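2 protein chains.
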Amino acid sequence: MVASSLRSADYDVEECADSESALTKIGDRLPDMILLDWMLPGQSGIEFARRLKREDATSEVPIIMLTARGEEHDKVRGFDSGVDDYVSKPFSPRELVARIRAVLRRVNVHGGQQPVDVDGLHLDPASHRVTADGRQLKLGPTEFRLLHFFMSHPERVFDRSQLLDRVWGRNVYIEERTVDVHIRRLRKVLSDSGFDRYIQTVHGSGYRFSQQLDP
Amino acid sequence: MVASSLRSADYDVEECADSESALTKIGDRLPDMILLDWMLPGQSGIEFARRLKREDATSEVPIIMLTARGEEHDKVRGFDSGVDDYVSKPFSPRELVARIRAVLRRVNVHGGQQPVDVDGLHLDPASHRVTADGRQLKLGPTEFRLLHFFMSHPERVFDRSQLLDRVWGRNVYIEERTVDVHIRRLRKVLSDSGFDRYIQTVHGSGYRFSQQLDP
DNA sequence: GTCCATCGCCGGCGCATTGCGGGAATCCGC
DNA sequence: GCGGATTCCCGCAATGCGCCGGCGATGGAC
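Line order of the protein sequences matches chains A and B.
Residues 13 to 227, numbered by the working numbering, are exactly what the first sequence covers, in order.
Residues 13 to 227, numbered by the working numbering, are exactly what the second sequence covers, in order.
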């Protein structure tokens, strides 16, 4: 019920019945936010939240916890599990959406706009600028998003389908080979400064952004 | 009651029942000032104030706190939460308005009315004048606000919708294309002095004001 | 009322960007 | 080294996007 009300508010929702399947799904694709019930089968919601906050990969993902009214609400806060917000049942869809928007905005201000820098290759999302050793580079919107994604997820291989999902968007139907073309265009822009070597081909798997240049 | 008395004093007032909805509303549109009750459901007013002062986006917004008489008034000050002023209940509308005007005056002197200067392009909100290398420019009200907004938020991309919100106002219904037109008019005025190059197009994202001219 | 400045919008034009197919080059397992 | 798979390069066509000139409406000054 919660999921469908969120979907109708235009959110992209994944549901999980237990913490194990949730971990799997989170590993597949990092969500923008996690809505977590206080009562979970097997493991308490707090325990789960702590675990996510402990791991580097997921520590930045905001969590909103659903609690029954009067159910240890204060205790939850006291536990200092790093949860970002709480919503007490019963709640209205409107309230939930409002809290989600607030949390997402908060992390967006602090997260998505942060500039990234790798060995002198500098990308600033706020001003939408890229410089290599101080010299400004000119790249198209898609190449910009692609580079931004790579720089914020270094040392990890992504296949073409994943890149299409995360750089282009989930509901686009584009040939996978088109990714190659944009990789080439991105490399061309980076080639003058030598940073094209950071965009590495992993034969049979996809592409990777890495400072460890292979010979 | 407070809200309506402020409205009759010609202020534009938004009310929020709790800190979460307040955060949402603040995120939507930055207020000129925040009137904050010491007692909030869920989160103390001080905690809320601290949080606002911690975030870059809101740290400059002045806060006036409402406290019950004798209710830890000094403690509040001691807490050093960055609050700008305090009003003790019960208070008269007259007193409240006086304090609000005082606070607004203080920040206006330090903030919104301050002249801005970038490389010889000079904009003075107080006298409503713009000069480029000393020569005075003539631009319409909208272009003036647009330039003022750009100059006080340099090196950042804004899309058309954000510009409409922050330069035109939040409750206007205007085509996004119209932004282009005013950008063009603004550039035309600036073109003689060469400052039109500071108004930069970011294809697919919006516009940016920057002294780093792209080649 | 008249004039004038400003504003928002429309239609059209031209360029940047994008996605794709064909063919060359490269890589990998054998 | 060979063959098949995979990746890279080139150019093209279509689309999207931004820019421009102009027009009618509005509202204030006189």
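C-beta atoms are modelled at their ideal positions from N, C-alpha and C, and glycine is treated no differently.
Being a predicted model, the structure only gives us computed values, none of them experimental.
With DSSP as the reference, please indicate the residues paired to residue 24/A in a beta bridge.
Taking the first sequence and counting its residues from 1, the one referred to as residue 24/A is at position 12. According to DSSP, residue 24/A bridges with nothing at all.
What in chain A is Cβ-close to residue 126/B, meaning under 8 Å?
Position 114 of the second sequence, counting from 1, holds the residue named residue 126/B. The contacting residues do not exist; residue 126/B stays about 22 Å from chain A at best.
Straight-line gap, residue 34/B to residue 28/B (C-alpha atoms, nearest Å):
For the purposes of this step, residue 34/B is taken as residue 22 along the second sequence, with counting starting at 1. For the purposes of this step, residue 28/B is taken as residue 16 along the second sequence, with counting starting at 1. When rounded, the distance between both Cα atoms is 5 Å.
Indicate the three-state DSSP secondary structure (helix, strand or coil) for residue 210/A in the structure shown.
Counting from one through the first sequence, the residue named residue 210/A turns up at place 198. DSSP places residue 210/A in helix when its eight states are reduced to three.
Counting only the same chain and skipping the five closest in sequence on each side, list residues whose C-beta sits under 8 Å from that of residue 217/B.
Here residue 217/B refers to the residue found at position 205 when the second sequence is read from its first residue. Same-chain partners within the cutoff: 169, 171.
Specify the secondary structure class of residue 218/B as computed by DSSP and reduced to three states.
Numbered from 1 along the second sequence, position 206 holds the residue referred to as residue 218/B. Residue state, collapsed to three classes: strand.
Taking only three categories from DSSP, how would you classify residue 42/B?
Within the second sequence, residue 42/B is the residue found at index 30, counting from 1. Residue 42/B: coil per DSSP, three-state reduction.
Selected residue, minimal CA-CA separation from residue 150/B, among 162/B, 198/B, 106/B:
Along the second sequence, one-based indexing puts residue 150/B at 138. Comparing Cα-Cα distances from residue 150/B to each of 162/B, 198/B, 106/B, the minimum goes to 198/B.
Report the residues of the stretch 161 to 182 of chain B with a CB closer than 7 Å to any CB of chain A, ordered along the chain.
167, 168, 169
Residue environment, residue 138/B, which counts as buried when at least 16 other CB atoms sit within 10 Å
For this step, residue 138/B is matched to residue 126 along the second sequence. Residue 138/B is exposed by the Cβ-count criterion.
Taking the alpha carbon of residue 206/B as the reference point, which residue from 223/B, 153/B, 70/B, 215/B has its own alpha carbon closest?
The count along the second sequence starts at 1 and reaches residue 206/B at position 194. Ranking 223/B, 153/B, 70/B, 215/B by Cα distance to residue 206/B puts 223/B first.
Contacts that residue 222/B makes with chain A (C-beta to C-beta distance below 9 Å):
Here residue 222/B refers to the residue found at position 210 when the second sequence is read from its first residue. What residue 222/B touches in chain A: 139, 141.
One question on the structure: do residue 44/A and residue 76/A come within less than 9 Å of each other, judged by their Cβ atoms?
Position 32 of the first sequence holds residue 44/A. Position 64 of the first sequence holds residue 76/A. Going by C-beta atoms, residue 44/A is not nearer than 9 Å to residue 76/A.
Does the pairing of the stretch 130 to 137 of chain B with the stretch 187 to 195 of chain B give three or more beta-carbon distances under 8 Å?
no
Would a C-beta distance cut-off of 9 Å place residue 130/B and residue 74/B closer than the cut-off?
For the purposes of this step, residue 130/B is taken as the residue at position 118 of the second sequence. For the purposes of this step, residue 74/B is taken as the residue at position 62 of the second sequence. No. Outside cutoff.
Of all the CB atoms in chain B, is at least one closer than 9 Å to the CB of residue 39/A?
What you label residue 39/A is simply residue 27 of the first sequence in a count that begins at 1. No, residue 39/A does not count as interfacial toward chain B.
Between residue 161/A and residue 141/A, how many whole angstroms is the CB-CB distance? I'm expecting something under 8 Å.
Here residue 161/A refers to the residue found at position 149 of the first sequence. Here residue 141/A refers to the residue found at position 129 of the first sequence. Wrong, their Cβ atoms sit about 16 Å apart, outside the cutoff.
Could you give the DSSP three-state label for residue 225/A: helix, strand or coil?
Your numbering for residue 225/A matches position 213 in the first sequence. Three-state result, residue 225/A: coil.
One or two residues paired with residue 140/A in a DSSP bridge:
The sequence position of residue 140/A within the first sequence is 128, counting from 1. DSSP, once it has assigned bridges, lists no residue as partnering residue 140/A.
Rounded C-alpha distance that separates residue 125/B from residue 63/B:
Residue mapping note: residue 125/B aligns to position 113 of the second sequence, counting from 1. Residue mapping note: residue 63/B aligns to position 51 of the second sequence, counting from 1. Cα to Cα, residue 125/B sits roughly 26 Å from residue 63/B.
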